[in-house]
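Visitor: Right, I'll just put the structure down here and ask away after.
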Amino acid sequence: MRSIHAKTVRAATLLLAAGLGACAPSASLEAQELRPADLQAALDAWAAQPAHHGVSASVILADGTQWAGVAGHEDATSKIRPEHLFWLASITKTLTGAVTLQLALESRLSLDDSVRRWLPVGSRIDPRITIRQLLNRTSGVPLYGASVFTRANGSLMHVFTAEELLAAVGAPIFAPGTRTQYSNTAFVMLARIAEQVTGKPLVRLLRERLWAPLALKEMFMIGHEPPPGPVARAAGAEGVVQPLENLTRSTAGHGAGAVFASARDVARWGRALFTGSVLSPETQREMRALVPAAGNIPGESGSGLGVRGDNFLGRQQYGHSGGAIWGNSLLVHDPTSGVTVAVLTNQGAGADHFVLAPRLLEIVTGRSRAP
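Under my numbering, the residues of the sequence shown are numbered 816 to 1186, in order.
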């Protein structure tokens, strides 16, 4: 990946290089310009708002040039650094989804397999549900409830298994394929199916199939392996916390939300997923085929296979957001320009990540000027 060296408004702004082996930019792509000073200014403006805490962001152009910047703080005395790892929450779903699609590409499972083929189906999981419906959120499987935390018996360091989470699932909320509804449970089921198919734990599948081949060295699955760098402290309703000190909360997402990473690695991951060699072109097209949006996420235009469609700047993008008590995030890939944007924050409510990420995309595509 090519990098440009430029003076920025803050020392925390980085221009870096990483070889993702992605496709060369098409001549038909919309023109773009990195504009690192303007990107950093947007982060600084975000951090200047009293309700905001810390942010790490990265932008990759179609030609592979990458920028990364940070702003804000962990707590009253420590600033966010580029190497900080943030809770991705539901961006994890893009990883679990990609592993599932790879297994389908290898004919080790079929997207039209019933879940009954791979998992024990209790009275609360409709056996007609297919893997495809788990991926595109049309399964009707509800979220597992807060009652799951009683299984930790008051411990802050309980590492949840997929089986524990699935045991807390409630009754179906609609018949498979009739509606779209966000569900963490579906991606815990997908993770468990991938483990059943391969005989390997999810963390090993992520590392062997995705992180190692793509040289993503700043991603890890919390509770299942040590962090490769500093995990950012985060602001929640209970004050500033360290996610490593409350695994009961941070591991409850499993295949739906237990991955932490740096912004620069998340942007690299998004670019590789949507333009690189993670999936075949045919599988990428199938991944991007959208069913109607659930309607509860800002900017969403539909649900694909492990990814979500978005509509910022009046046109189609693909990616995913993540929302958790100690972090909100957004990954966006814009096919029109070939630009990929990742924004990670270390706070729950009020992060405005759905505003900041499109703003960074606007800056580099020239659709509006930075202030």
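Glycine included, every Cβ here is placed at the ideal spot set by N, Cα and C.
This one's a predicted model, so the numbers in the text were calculated from it and none came from an experiment.
Could you compute how far the alpha carbon of L835 sits from the alpha carbon of G879?
Guide: Taking the first residue of the sequence shown as 1, we reach residue 835 at position 20. Taking the first residue of the sequence shown as 1, we reach residue 879 at position 64. Low local confidence applies: a pLDDT of 43 at L835 is under 50, so the model's placement there is unreliable, and no value is given.
Visitor: Relative to the C-alpha of G1070, which candidate in V1158, L903, V1003 has its C-alpha closest?
Guide: For the purposes of this step, residue 1070 is taken as residue 255 along the sequence shown, with counting starting at 1. Out of V1158, L903, V1003, V1003 has the C-alpha closest to the C-alpha of G1070.
Visitor: Starting from the C-beta of I946, find all residues in its chain whose C-beta is less than 6 Å away, skip the five residues before and the five after it, and write them out in chain order.
Guide: Within the sequence shown, the letter at position 131 stands for residue 946. Excluding positions up to five away in sequence, the list reads L926, D928.
Visitor: So does the region 1059–1075 actually touch the region 970–984, counting three or more Cβ pairs closer than 8 Å?
Guide: yes
Visitor: Are the beta-carbon atoms of R781 and P897 separated by less than 8 Å?
Guide: As displayed, the chain neither begins before 816 nor continues past 1186, which places residue 781 out of reach and without an answer.
Visitor: Give the C-beta separation of P1150 and Q1131 to the nearest angstrom, bearing in mind that I take them to be a contact with Cβ-Cβ under 8 Å.
Guide: Within the sequence shown, the letter at position 335 stands for residue 1150. Within the sequence shown, the letter at position 316 stands for residue 1131. With a contact defined as Cβ atoms closer than 8 Å, P1150 and Q1131 qualify at about 7 Å.
Visitor: In chain order, what residues of the same chain have a beta carbon less than 7 Å from the beta carbon of S970, not counting five sequence neighbours either side?
Guide: Working through the sequence shown from its first residue, we reach residue 970 at position 155. Once the five neighbours on either side are set aside, the close Cβ partners of S970 are T1063.
Visitor: Output needed for H814: all residues of its chain with C-beta closer than 6 Å, excluding positions within five of it in sequence on either side, in chain order.
Guide: Beyond the ends of the chain as shown, which are 816 and 1186, falls residue 814; an answer cannot be given.
Visitor: Pick out whichever of L981, F1127, R1083 has its Cα sitting closest to the Cα of L1031.
Guide: In the sequence shown, the residue the question calls residue 1031 occupies position 216. Comparing Cα positions, the closest option is R1083.
Visitor: Measure the C-alpha to C-alpha separation of A1076 and I906 and round it to an integer number of angstroms.
Guide: The count along the sequence shown starts at 1 and reaches residue 1076 at position 261. The count along the sequence shown starts at 1 and reaches residue 906 at position 91. Approximately 10 Å between the Cα atoms of the pair.
Visitor: Suppose contacts are defined by Cβ-Cβ distances below 8 Å. Is T796 in contact with G1121 by that definition?
Guide: The first residue shown for the chain is 816 and the last is 1186, placing residue 796 beyond what the model contains.
Visitor: DSSP has E1115 in a bridge; who is on the other side?
Guide: Locating residue 1115 in the sequence shown gives position 300, where the first residue counts as 1. The partner list for E1115 (beta bridge, DSSP) reads D1125.
Visitor: For A1109, which residues from the same chain have a beta carbon less than 6 Å from its beta carbon, with the 5 sequence-adjacent residues on both sides left out?
Guide: Mapped onto the sequence shown, residue 1109 falls at position 294. Excluding residues within five positions, the ones whose Cβ falls inside 6 Å are T995, Q996, Y997.
Visitor: Starting from W861, trace the alpha helix (DSSP H) both ways and give me its first and last residue.
Guide: Here residue 861 is taken as the residue at index 46 of the sequence shown, counted from 1. Following the DSSP letters along the chain, one finds W861 inside the alpha helix (DSSP H) bounded by residues 851–862.
Visitor: Find the nearest neighbour of L1159 within the set W861, S871, L849, judged by alpha-carbon distance.
Guide: Indexing the sequence shown from 1 puts residue 1159 at position 344. L1159 has its Cα closest to that of S871, out of W861, S871, L849.
Visitor: Tell me whether T1180 is buried or exposed, calling it buried when 16 or more other Cβ atoms sit within 10 Å of its Cβ.
Guide: Your numbering for residue 1180 matches position 365 in the sequence shown. Counting Cβ neighbours within 10 Å, T1180 comes out buried, since at least 16 surround it.
Visitor: What whole-angstrom Cβ distance do V963 and A986 have, given they're in contact under 8 Å?
Guide: Here residue 963 corresponds to residue number 148 of the sequence shown, with the count starting at 1. Here residue 986 corresponds to residue number 171 of the sequence shown, with the count starting at 1. Wrong, their Cβ atoms sit about 16 Å apart, outside the cutoff.
Visitor: Tell me which residues share the same chain as T911 and place their Cβ nearer than 6 Å to its Cβ, disregarding the 5 neighbours each side in the sequence.
Guide: Residue mapping note: residue 911 aligns to position 96 of the sequence shown, counting from 1. Only F1002, L1005, A1006, G1070 meet the Cβ criterion.
Visitor: Would you check if there are 3 or more beta carbon pairs closer than 8 Å linking the region 1129–1145 to the region 1048–1065?
Guide: yes
Visitor: Q1057 and V1074 look like a contact to me (Cβ under 8 Å); what is the Cβ gap, rounded to whole Å?
Guide: The count along the sequence shown starts at 1 and reaches residue 1057 at position 242. The count along the sequence shown starts at 1 and reaches residue 1074 at position 259. No, Q1057 and V1074 are not in contact; Cβ-Cβ is about 17 Å, not under 8 Å.
Visitor: Taking its Cβ as the centre, do 16 or more other Cβ atoms sit within 10 Å of S1095, making it buried, or is it exposed?
Guide: One-based indexing of the sequence shown puts residue 1095 at position 280. Exposed: under 16 other Cβ atoms inside 10 Å.
Visitor: If you measure between the beta carbons of T915 and A1009, is that distance less than 8 Å?
Guide: For the purposes of this step, residue 915 is identified with residue 100 of the sequence shown, where counting begins at 1. For the purposes of this step, residue 1009 is identified with residue 194 of the sequence shown, where counting begins at 1. Yes, they are a contact pair.
Visitor: Quick check on G937: buried or exposed, where buried means 16 or more other Cβ atoms within 10 Å of its Cβ?
Guide: Stepping through the sequence shown from its first residue, residue 937 is reached at position 122. So G937 ends up on the exposed side.
Visitor: Go through its chain and collect everything with a Cβ distance to R943's Cβ below 7 Å, but skip five positions before and after it.
Guide: Along the sequence shown, one-based indexing puts residue 943 at 128. Result list for R943: S929, P991, in chain order.
Visitor: Can you name, in chain order, every residue of its own chain whose Cβ lies under 6 Å from the Cβ of T823, other than the five neighbours on each side?
Guide: Position 8 of the sequence shown, counting from 1, holds the residue named residue 823. Note that T823 scores 33 on pLDDT, short of 50, meaning its location in the model is unreliable and no value can be drawn from it.
Visitor: For a test of the three-state rule: what should DSSP assign to W1084, helix, strand or coil?
Guide: To locate residue 1084, count along the sequence shown from 1; it is residue 269. Helix at W1084.
Visitor: DSSP three-state label for M1034, please.
Guide: Against the sequence shown, residue 1034 aligns to sequence position 219. Of the three classes helix, strand and coil, the one that applies to M1034 here is strand, per DSSP.
Visitor: Which residue comes first and which comes last in the beta strand (DSSP E) that contains Q948?
Guide: By one-based count along the sequence shown, residue 948 stands at place 133. Note, Q948: premise wrong, no beta strand (DSSP E); alpha helix (DSSP H) at 946–950.
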